[in-house]
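Per our numbering, the sequence shown runs over residues 67 to 197. No residue lacks a Cβ here, since even glycine has one placed at the ideal position from N, Cα and C. This one's a predicted model, so the numbers in the text were calculated from it and none came from an experiment.
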Amino acid sequence: MRSLRPNTLPAPRLSSRWAALALPLALVCGFGAPPAAARDKQLPEMLAAARGRFDHVLLTRYGSNQRAAAIPALLDACRQARLPNPQVADSPTAGLATARRLAGRGGVVVVAGSFFLAAEVRRAAGITRRR
Numbered sequence: 067m068r069s070l071r072p073n074t075l076p077a078p079r080l081s082s083r084w085a086a087l088a089l090p091l092a093l094v095c096g097f098g099a100p101p102a103a104a105r106d107k108q109l110p111e112m113l114a115a116a117r118g119r120f121d122h123v124l125l126t127r128y129g130s131n132q133r134a135a136a137i138p139a140l141l142d143a144c145r146q147a148r149l150p151n152p153q154v155a156d157s158p159t160a161g162l163a164t165a166r167r168l169a170g171r172g173g174v175v176v177v178a179g180s181f182f183l184a185a186e187v188r189r190a191a192g193i194t195r196r197r
């Protein structure tokens with residue numbers, strides 16, 4: 067599997083490029099829960115961007131911030147976004163491990179949703195250098 071390096075391209079453009087290479091793709095995602103009165107994060111709409119672009123979708127909660135969206139809310143958002151068969155990981159570390167296994171040696175793991183999630187996955191992957 068390729069090294070985890072930050073990339074600033076939007077996920078649909080990234081996954082389209084990787085899909086053209088016929089690589090297995092796994093998405094690990096977790097989001098912050100929007101305040102009840104705010105509509106700043108539309109989870110189903112954001113997850114719909116992944117529909118048909120990934121071979122595997124893993125949902126997780128980050129532990130470094132209390133505002134992480136609950137797994138049942140993420141599963142409901144996946145259902146609304148028509149993402150088939152999302153899997154649940156107990157932690158970002160477990161999500162990364164599962165995604166790596168599912169993507170295989172030549173596959174690609176994409177982490178999306180929250181900077182808190184990205185930070186936890188970077189630590190789990192042993193990436194400590196700041197840019």
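Same chain only: Cβ atoms within 6 angstroms of PHE120, ignoring 5 sequence neighbours per side: If you number the sequence shown from 1, residue 120 lands on position 54. Excluding sequence neighbours, PHE120 sits near LEU91 and LEU93.
Given a threshold of 16 other Cβ atoms within 10 Å of its Cβ, counted over all protein chains shown, does PRO152 qualify as buried or as exposed? Mapped onto the sequence shown, residue 152 falls at position 86. PRO152 should be labelled buried.
Starting from the N-terminal side, write out each stretch of the beta strand (DSSP E) that is 3 residues or longer and does not extend beyond the segment 82-170. The segment 82-170 contains these whole beta strand (DSSP E) runs: 91-95 and 122-125.
With a threshold of 8 angstroms, are at least 3 pairs of Cβ atoms found where one atom belongs to the segment 111-127 and the other to the segment 150-167? Yes: the two stretches touch, three or more of their Cβ pairs being nearer than 8 angstroms.
Once DSSP output is grouped into helix, strand and coil, what is the label at ALA178? Sequence index remark: in the sequence shown, residue 178 carries index 112 (1-based). Strand at ALA178.
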